[in-house]
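Inspection log for the structure reproduced underneath, given as structure tokens.
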Amino acid sequence: MPRALTGGTPVCGYGGPVPRYDDDLRLAHVLADSIERTALEMFASPGLEVSVADDGSLTTQAAGTLEELLRHQLQRTRPRDKVQGRILPSTGHGDRRWVIDALDGAANYVRGVPVWATLIALVVEEEPVLGLVAAPSLSRRWWAGHGSGAWTGRTLARATQVRVSDTAVLEHASASADDVASWLFGPHGQGFAQLTDRVWRTRAFGDFWSHALVAEGAADVALGSYLDTFQTSTLSALVREAGGRISDPWGAPVSDRAASGGSPVVVTNGLLHEAVLAALSPTDAAEG
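Heads up, the sequence shown is in the working numbering, so the first residue is 135 and it goes up one at a time.
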């Protein structure tokens with residue numbers, strides 16, 4: 135179990151002392167505060183520079199600007215920690231690693247859709263122990279720290295603790311998939327079609343939002359077509375602390391994936407996880 139090297143007081147749990155990362159969590163909010171005004175000012179602004187990446191995705195210089203600001207704050211407050219960002223090269227050394235995605239949902243950001251966020255995670259000894267999703271245009275944040283529960287609200291002082299739903303029947307579940315075409319025409323196409331036919335309803339909230347909604351119990355299943363370590367580090371900490379489960383469609387963990395790689399991700403309230411995995415399996419779908 136990782137040690138809380140900075141701040142926090144261990145509390146006793148069934149398995150002994152549980153390390154807390156309260157000081158680091160407060161810092162994560164400070165980091166989000168430090169870029170919020172800049173992010174909102176650049177959001178869908180007429181002068182925003184936009185380019186198309188090799189894979190066809192939209193990118194913007196705003197992501198680099200925001201990451202630089204976050205790195206500056208971390209250099210002042212946690213100079214000994216490693217920092218891994220989506221845009222700039224990694225810096226620092228050691229077992230404590232800040233993983234930052236300054237602008238998740240860049241395509242929404244440049245098109246004026248308010249579903250975008252800054253994702254901040256702390257990974258200690260290769261385990262995500264803290265995750266913060268800050269979505270200024272939605273006036274919401276979701277966060278969690280190891281042993282501190284999962285929360286949502288506008289600030290630390292105005293927060294409500296959240297937990298995943300208790301939905302245990304797939305036919306009663308609300309599911310969200312971020313890219314229907316990728317699921318339908320990918321290796322899980324047949325299973326995905328059957329899954330969406332079985333659940334109560336299917337929506338497409340997209341990007342970080344689907345997974346945050348599962349963490350707060352507003353949705354039961356979230357399917358991400360392509361998530362990498364910059365997203366899963368934050369979302370893993372949030373979902374697990376809320377009582378949910380996250381894996382790839384084959385049930386394998388997602389926290390150890392390479393920074394440059396991404397793959398489909400399944401997030402559920404835990405109770406539905408095995409049923410969702412079974413429904414997505416082409417073999418099981420063909421047999422059932």
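Even glycine gets a Cβ: it sits at the ideal position worked out from N, Cα and C.
Exercise for review: Would you please state the rounded distance, in angstroms, between the beta carbons of G340 and D312? I believe it to be under 8 Å.
Suggested key: About 5 Å separates the beta carbons of G340 and D312, which is inside the 8 Å limit, making them a contact pair.
Practice item. Using the Cα positions of G98 and V303, report the straight-line distance between them to the nearest angstrom. Key: Residue 98 lies beyond the stretch modelled for the chain, which goes from 135 to 422, so this question has no answer here.
Review point. Which one of L264, D331 and A173 has the shortest CA to CA distance from L372?
Key: Measuring from the Cα of L372, the nearest candidate turns out to be L264.
Review point. Between T402 and W250, what straight-line distance do the alpha-carbon atoms span, to the nearest angstrom?
Key: Taking the straight line from one Cα to the other gives about 21 Å.
Check your understanding: What is the rounded straight-line gap between the Cα of S179 and the Cα of V244?
Key -> A straight line joining the alpha-carbon of S179 with that of V244 spans about 8 Å.
**Study point:** Anticipated Cβ contact below 8 Å, L253 with T172, distance rounded
**Key:** Contact doesn't hold; Cβ gap of about 16 Å is too wide.
Practice item. Starting from T172, follow the alpha helix (DSSP H) in both directions and report where the run begins and ends. Key: Residues D156 to M176.
Exercise for review: State the beta-bridge partners of E261 as determined by DSSP.
Suggested key: BP columns for E261 point to V258.
Check your understanding: Can you give the beta carbon distance from S191 to A241, rounded, assuming they're within the 8 Å contact cut?
Key -> The Cβ separation is near 7 Å, so the contact holds.
Practice item. Locate the alpha helix (DSSP H) running through L81, then write down its first and last residues. Key: Because the chain is modelled from 135 through 422, residue 81 falls outside the range shown and cannot be assessed.
**Study point:** Boundaries (first-last residue) of the beta strand (DSSP E) holding A302
**Key:** Per DSSP, A302 belongs to no beta strand (DSSP E) and is neither H nor E.
Review point. Any idea what DSSP makes of L204, helix, strand or coil?
Key: Secondary structure at L204: helix, using DSSP grouped into helix, strand and coil.
Review point. So V314 is in the alpha helix (DSSP H); what residue range does that whole segment cover?
Key: Here the alpha helix (DSSP H) through V314 covers V314 to L318.
Check your understanding: Taking the C-alpha atoms as reference points, what is the distance between Y155 and T330?
Key -> Y155 and T330: Cα-Cα distance of roughly 38 Å.
**Study point:** Three-way DSSP call (helix, strand, coil) for D382 in this model
**Key:** Reduced to three states, the DSSP call for D382 is coil.
Point to revise | Nonlocal neighbours in the same chain, by C-beta distance under 6 Å from R220, ignoring five residues either side | key: Counting only Cβ-Cβ distances below 6 Å, and skipping sequence neighbours, we find D235 and F364.
**Study point:** For Q218, the residue or residues it bridges with in DSSP
**Key:** Paired residue(s): V233.
Point to revise | Counted within 10 angstroms of its Cβ, other Cβ atoms place S131 as buried (16 or more) or exposed | key: Because the chain in this structure spans residues 135 to 422, residue 131 falls outside the shown range and cannot be described.
Point to revise | D362 - partner residues in DSSP beta bridges | key: Answer by DSSP bridge pairing, in chain order: G396.
Exercise for review: For the beta strand (DSSP E) holding L414, just list the boundary residues, first then last.
Suggested key: That residue, L414, is in no beta strand (DSSP E); its alpha helix (DSSP H) goes H407 to L414.
Check your understanding: Excluding five sequence neighbours on each side, which residues of the same chain lie with their C-beta closer than 8 Å to the C-beta of T294?
Key -> Hits under 8 Å: W285, T286 and G287.
Practice item. Output the distance between the C-alpha atoms of R231 and P223, rounded to the nearest integer angstrom. Key: Looking at the two C-alpha atoms, the distance is approximately 13 Å.
Practice item. With distances taken Cα to Cα, identify the nearest neighbour of E202 among H407, G396 and T225. Key: If we check each option's Cα against that of E202, T225 comes out closest.
**Study point:** Proximal residues to R337 (C-beta, below 6 Å), its chain only, five neighbours per side dropped
**Key:** Contacts found: S310.
Exercise for review: Could you check if Q195 is buried or exposed, using at least 16 other CB atoms within 10 Å of its CB as the buried criterion?
Suggested key: Label assigned to Q195: exposed.
Exercise for review: Please look up how many angstroms separate the CB atoms of V388 and T366, rounded, as I've assumed it's under 8 Å.
Suggested key: The Cβ separation is near 5 Å, so the contact holds.
Exercise for review: Compare the beta carbon distance of G385 and L357 with 8 Å and say whether it is the shorter of the two.
Suggested key: Contact: no.
**Study point:** Buried or exposed by the 16-neighbour rule on C-beta atoms within 10 Å, applied to P213
**Key:** So P213 ends up on the exposed side.
Exercise for review: Check D188 in the structure and name its three-state DSSP category.
Suggested key: Looking at D188 - three-state DSSP - the assignment turns out to be coil, as it is neither helix nor strand.
Review point. Near A353, what residues of its chain come up, given a Cβ to Cβ distance below 6 Å and the 5 sequence neighbours on each side ignored?
Key: Cβ neighbours of A353 beyond the five flanking positions: S308, S310 and L347.
Practice item. Could you check the C-alpha separation between R205 and V217 for me, to the nearest Å? Key: The straight-line gap from Cα to Cα measures roughly 7 Å.
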